Every structure is written in C-alpha cells, then in structure tokens.
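Numbering (the working numbering), first residue to last: 98 to 236.
For reference, the structure is listed below as structure tokens.
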Amino acid sequence: MKEELKAIERILVDIKSISKEELNNMLKSLFTKISNHIDNYIGDYPTFIEPVYLEGNVEIGDDVLLGPNVYIGANVKIGDYVELSNTIIFDDVILGNNLKLENCIIAPNSHLNFENFKCNSTILSGKADSEKNLTKLSF
C-alpha cells in the first residue's frame, strides 16, 4: 500500500501532465490493498465503513462518515459533517465542514477552508478559502 501511495504522491507534483487512465489504475490497485487501521485519532464516535486507514494525529469532527476505501495521512484535520469514500487524503491537510468527497485525492499540505462542497473523481490541491481558489483536476 505504501508504494502505491508514494507513486500517486509523485505524480501529483505536476498535476497538469497526469494521465487519467494511469491514475485510475493506480487508485484501483491501492484500494485493493487498503486494510483497516483506525486506532490513532482524535474525535467523538465517527462512523467507519471498512476499509479505512488512518495515519497518526488525525483529528475528526462531529458526524463524520469515513469509508469505504479511505486513506488519511498524518496530521490531518477533518471538519464536522464530512463524508469521504474511495478517497485519499495525504499528510498535513485541513478539510472544512460539510464536505462530501467521493473518489478524490487531496494533495499534501492542502487546506480546504470552506464549507458546503461536494466533489467526485477530482484531484484537489492548494490552500483556499473558497472553491474558486482551489486547484482541481477531474479524472
């Protein structure tokens, strides 16, 4: 699983030259290898639909639904009322409240500091206070 994550993270460096077919194949491969690891998080009773893998120091808000097929990197903060499925969140990411992400990838060090956002099959990157200021690439 770690090798697939590193490969995906490497191709995020040049977001505009990503092969969508290659990325979809990488995601399929990763999702077949995700196992459960939900021991180390801060939060009150989030809902997990297996498999979900959490790295260290993950803070989860109220009424959050994670899974299936979710990987969350280290030092991630997830706001309230967030739903994630078939999604990869890399390290040092902040997600605002009331977000629904399906089949998405959030690049490292991204901050989605806004609310009421729904997205599907998209790479999201950057530090933004609104959807308009976010770097996005659909796949």
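No residue lacks a Cβ here, since even glycine has one placed at the ideal position from N, Cα and C.
Predicted model only: the values in this text are computed from it and were never measured.
1. Let me know the secondary structure DSSP gives N154 once reduced to three states.
2. At which residue ranges does the region 147 to 228 contain complete alpha helix (DSSP H) runs of 4 or more residues, listed in the order of the chain?
3. Measure the C-alpha to C-alpha separation of A204 and S114 and round it to an integer number of angstroms.
4. Considering only DSSP beta bridges, list what I139 is partnered with.
5. Is the beta carbon of Y178 less than 8 Å from the beta carbon of V155?
6. Buried or exposed for G140, please, with buried defined as at least 16 other CB atoms from any protein chain shown within 10 angstroms of its CB.
7. With DSSP run on the structure shown, which of helix, strand or coil describes L109?
8. What do you reckon, are the CB atoms on T232 and S218 nearer than 8 Å?
9. Cα separation between K174 and P143?
10. Helix, strand or coil: how does DSSP classify F128 here?
Answer, in terms of the structure:
1. coil
2. none
3. 15 Å
4. E156
5. no
6. exposed
7. helix
8. no
9. 13 Å
10. helix
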